[in-house]
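Numbering (our numbering), first residue to last: 320 to 512. Beta carbons are placed, not taken as given, at the ideal position from N, Cα and C, and that holds for glycine. Beneath this line is the structure, given in C-alpha coordinates, with notes to follow.
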(Lines of atoms letter the chains of each structure in order from A and count residues from 1; the text may use other names and numbers.)
(Lines give C-alpha, C1' and ligand atoms only; values in the text may rest on other atoms or scores of the structure.)
Protein backbone atom coordinates (compact mmCIF):
# COMPACT_ATOMS: atom_id res chain seq x y z
CA UNK A 1 0.00 0.00 0.00
CA UNK A 2 1.39 3.37 -0.96
CA UNK A 3 2.15 5.60 2.02
CA UNK A 4 -0.36 8.37 2.59
CA UNK A 5 -1.65 10.41 5.49
CA UNK A 6 -3.44 7.87 7.68
CA UNK A 7 -4.29 8.23 11.35
CA UNK A 8 -2.83 5.98 14.05
CA UNK A 9 -6.34 4.67 14.70
CA UNK A 10 -6.71 3.64 11.04
CA UNK A 11 -3.29 1.91 11.11
CA UNK A 12 -4.34 0.02 14.23
CA UNK A 13 -7.59 -1.12 12.54
CA UNK A 14 -5.52 -2.23 9.54
CA UNK A 15 -3.13 -4.19 11.76
CA UNK A 16 -6.04 -5.94 13.49
CA UNK A 17 -7.73 -6.73 10.16
CA UNK A 18 -4.53 -8.17 8.71
CA UNK A 19 -4.40 -10.61 11.63
CA UNK A 20 -7.51 -12.18 10.09
CA UNK A 21 -5.89 -12.50 6.65
CA UNK A 22 -3.76 -15.56 5.93
CA UNK A 23 -0.16 -14.58 5.24
CA UNK A 24 2.54 -15.92 2.95
CA UNK A 25 3.44 -19.49 3.83
CA UNK A 26 -0.06 -20.44 4.94
CA UNK A 27 -1.21 -23.50 2.92
CA UNK A 28 -4.66 -21.94 2.43
CA UNK A 29 -3.08 -19.52 -0.07
CA UNK A 30 -2.05 -22.44 -2.30
CA UNK A 31 -5.35 -24.29 -2.03
CA UNK A 32 -7.83 -24.31 -4.91
CA UNK A 33 -11.20 -23.11 -3.64
CA UNK A 34 -14.25 -25.36 -3.92
CA UNK A 35 -17.12 -24.17 -6.15
CA UNK A 36 -20.28 -23.12 -4.36
CA UNK A 37 -23.52 -24.85 -5.29
CA UNK A 38 -26.03 -22.08 -6.15
CA UNK A 39 -28.46 -23.76 -3.72
CA UNK A 40 -25.95 -23.02 -0.95
CA UNK A 41 -26.12 -19.25 -1.46
CA UNK A 42 -27.92 -18.36 1.73
CA UNK A 43 -27.96 -15.96 4.65
CA UNK A 44 -24.87 -17.60 6.12
CA UNK A 45 -22.86 -16.91 2.96
CA UNK A 46 -24.18 -13.33 2.82
CA UNK A 47 -23.07 -12.77 6.44
CA UNK A 48 -19.67 -14.36 5.76
CA UNK A 49 -19.17 -12.13 2.70
CA UNK A 50 -20.13 -9.10 4.80
CA UNK A 51 -17.43 -10.05 7.31
CA UNK A 52 -14.86 -10.30 4.50
CA UNK A 53 -15.85 -6.88 3.19
CA UNK A 54 -15.36 -5.45 6.68
CA UNK A 55 -11.88 -7.07 6.89
CA UNK A 56 -10.96 -5.83 3.40
CA UNK A 57 -12.05 -2.27 4.19
CA UNK A 58 -10.35 -2.17 7.60
CA UNK A 59 -7.15 -3.51 6.00
CA UNK A 60 -7.36 -0.70 3.40
CA UNK A 61 -7.58 -3.24 0.58
CA UNK A 62 -9.76 -3.23 -2.51
CA UNK A 63 -10.18 -6.98 -2.93
CA UNK A 64 -10.13 -10.15 -0.83
CA UNK A 65 -10.60 -13.78 -1.81
CA UNK A 66 -12.31 -16.14 0.63
CA UNK A 67 -9.19 -18.33 0.67
CA UNK A 68 -7.23 -15.40 2.11
CA UNK A 69 -9.44 -15.70 5.19
CA UNK A 70 -9.04 -19.48 5.32
CA UNK A 71 -12.45 -20.10 3.72
CA UNK A 72 -12.00 -22.66 0.96
CA UNK A 73 -15.11 -21.61 -0.95
CA UNK A 74 -14.95 -20.04 -4.41
CA UNK A 75 -15.91 -16.40 -3.91
CA UNK A 76 -14.31 -12.99 -3.68
CA UNK A 77 -15.24 -9.56 -2.41
CA UNK A 78 -13.94 -6.40 -4.02
CA UNK A 79 -14.59 -2.76 -4.64
CA UNK A 80 -15.94 -1.88 -8.07
CA UNK A 81 -14.54 0.74 -10.40
CA UNK A 82 -11.20 1.62 -11.83
CA UNK A 83 -9.98 3.29 -8.62
CA UNK A 84 -11.48 0.70 -6.26
CA UNK A 85 -13.67 3.31 -4.59
CA UNK A 86 -16.99 1.92 -5.83
CA UNK A 87 -19.50 -0.34 -4.13
CA UNK A 88 -18.33 -3.55 -2.48
CA UNK A 89 -19.53 -6.61 -4.38
CA UNK A 90 -19.34 -10.36 -3.88
CA UNK A 91 -18.67 -12.67 -6.82
CA UNK A 92 -19.53 -16.34 -6.32
CA UNK A 93 -17.77 -18.89 -8.57
CA UNK A 94 -16.10 -16.19 -10.69
CA UNK A 95 -14.39 -17.31 -13.86
CA UNK A 96 -12.56 -15.51 -16.63
CA UNK A 97 -14.67 -15.90 -19.73
CA UNK A 98 -12.49 -13.74 -21.98
CA UNK A 99 -9.29 -11.72 -21.74
CA UNK A 100 -7.76 -9.27 -24.15
CA UNK A 101 -4.62 -10.05 -26.09
CA UNK A 102 -3.30 -6.63 -25.09
CA UNK A 103 -1.44 -6.72 -21.78
CA UNK A 104 0.25 -4.25 -19.49
CA UNK A 105 2.62 -4.46 -16.56
CA UNK A 106 1.82 -2.80 -13.24
CA UNK A 107 3.02 -3.08 -9.68
CA UNK A 108 0.80 -5.15 -7.38
CA UNK A 109 0.67 -5.68 -3.66
CA UNK A 110 -1.41 -8.17 -1.69
CA UNK A 111 -2.95 -8.22 1.77
CA UNK A 112 -1.53 -11.76 2.17
CA UNK A 113 1.98 -10.68 1.17
CA UNK A 114 2.18 -7.52 3.21
CA UNK A 115 5.01 -5.17 2.41
CA UNK A 116 5.87 -6.80 -0.92
CA UNK A 117 5.43 -5.27 -4.37
CA UNK A 118 6.09 -6.91 -7.73
CA UNK A 119 5.40 -6.13 -11.37
CA UNK A 120 2.77 -8.38 -12.92
CA UNK A 121 1.82 -8.59 -16.59
CA UNK A 122 -1.91 -9.11 -17.08
CA UNK A 123 -4.47 -8.67 -19.84
CA UNK A 124 -5.77 -5.10 -19.98
CA UNK A 125 -9.42 -6.12 -20.29
CA UNK A 126 -11.45 -9.13 -19.12
CA UNK A 127 -14.97 -10.49 -19.02
CA UNK A 128 -15.85 -12.36 -15.84
CA UNK A 129 -18.90 -14.54 -15.29
CA UNK A 130 -20.09 -15.13 -11.71
CA UNK A 131 -23.13 -15.33 -9.46
CA UNK A 132 -24.19 -12.60 -7.05
CA UNK A 133 -25.43 -13.25 -3.51
CA UNK A 134 -28.96 -13.73 -4.86
CA UNK A 135 -27.79 -16.54 -7.14
CA UNK A 136 -28.28 -14.41 -10.27
CA UNK A 137 -25.73 -14.72 -13.04
CA UNK A 138 -23.53 -11.68 -13.62
CA UNK A 139 -21.24 -10.73 -16.45
CA UNK A 140 -18.66 -8.07 -15.68
CA UNK A 141 -16.62 -6.42 -18.41
CA UNK A 142 -13.68 -4.54 -16.96
CA UNK A 143 -10.50 -2.88 -18.09
CA UNK A 144 -7.49 -1.28 -16.46
CA UNK A 145 -7.05 -1.53 -12.67
CA UNK A 146 -10.50 -3.08 -12.17
CA UNK A 147 -9.65 -5.89 -14.61
CA UNK A 148 -6.32 -6.36 -12.79
CA UNK A 149 -8.11 -6.65 -9.42
CA UNK A 150 -10.53 -9.22 -10.77
CA UNK A 151 -7.68 -11.33 -12.16
CA UNK A 152 -5.65 -11.04 -8.93
CA UNK A 153 -8.58 -12.24 -6.80
CA UNK A 154 -9.55 -15.08 -9.16
CA UNK A 155 -5.90 -16.19 -9.08
CA UNK A 156 -6.20 -16.54 -5.29
CA UNK A 157 -9.13 -18.92 -5.75
CA UNK A 158 -6.88 -21.07 -7.94
CA UNK A 159 -4.01 -21.06 -5.44
CA UNK A 160 -1.95 -18.66 -7.57
CA UNK A 161 -0.11 -15.72 -5.99
CA UNK A 162 1.16 -12.56 -7.66
CA UNK A 163 4.68 -13.85 -6.96
CA UNK A 164 4.01 -16.67 -9.44
CA UNK A 165 3.47 -14.09 -12.19
CA UNK A 166 6.35 -11.75 -11.25
CA UNK A 167 9.69 -11.52 -13.08
CA UNK A 168 12.25 -13.91 -11.59
CA UNK A 169 14.48 -11.26 -9.99
CA UNK A 170 11.53 -9.44 -8.41
CA UNK A 171 10.14 -12.74 -7.14
CA UNK A 172 13.49 -13.54 -5.51
CA UNK A 173 13.69 -10.08 -3.91
CA UNK A 174 10.10 -10.34 -2.66
CA UNK A 175 10.68 -13.79 -1.16
CA UNK A 176 13.82 -12.51 0.57
CA UNK A 177 11.85 -9.54 1.97
CA UNK A 178 9.10 -11.88 3.22
CA UNK A 179 11.60 -14.23 4.88
CA UNK A 180 13.45 -11.35 6.54
CA UNK A 181 10.33 -9.37 7.46
CA UNK A 182 11.49 -6.36 5.45
CA UNK A 183 8.94 -3.96 3.95
CA UNK A 184 9.65 -2.99 0.35
CA UNK A 185 9.05 0.57 -0.83
CA UNK A 186 5.71 0.79 -2.57
CA UNK A 187 5.79 2.25 -6.08
CA UNK A 188 3.70 5.42 -6.46
CA UNK A 189 1.23 3.69 -8.80
CA UNK A 190 0.89 0.48 -6.78
CA UNK A 191 -2.40 -0.97 -5.63
CA UNK A 192 -2.72 -3.49 -2.80
CA UNK A 193 -5.46 -6.07 -3.32
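Burial of residue 436 is indicated by the presence of at least 16 other C-beta atoms within 10 angstroms of its C-beta. In this structure, 462 is the residue among 477, 356, 462, 474 with its C-alpha nearest to the C-alpha of residue 402. In the DSSP assignment, residue 418 falls outside any alpha helix (DSSP H) and lies within the beta strand (DSSP E) extending over 407-418. Approximately 10 Å separates the beta-carbon atoms of residue 380 and residue 472; this is outside 8 Å, ruling out the contact. From the listed residues 385, 360, 374, 400, the smallest Cα separation to residue 453 is found for 360. It is roughly 19 Å from the alpha-carbon of residue 337 to the alpha-carbon of residue 482. Here DSSP, grouped into helix, strand and coil, assigns residue 359 to helix. C-alpha of residue 371 to C-alpha of residue 469: approximately 16 Å in a straight line. With a cut-off of 8 Å on Cβ pairs, the segment 350-366 is in contact with the segment 400-416, counting three or more such pairs. For residue 486, the CB contacts under 7 Å within the same chain, skipping 5 residues up- and downstream, are 438 in chain order.
Boundaries of the alpha helix (DSSP H) around residue 474: 463-476. By the Cβ rule, the segment 361-368 does not count as touching the segment 327-337, because fewer than three pairs are nearer than 8 Å.
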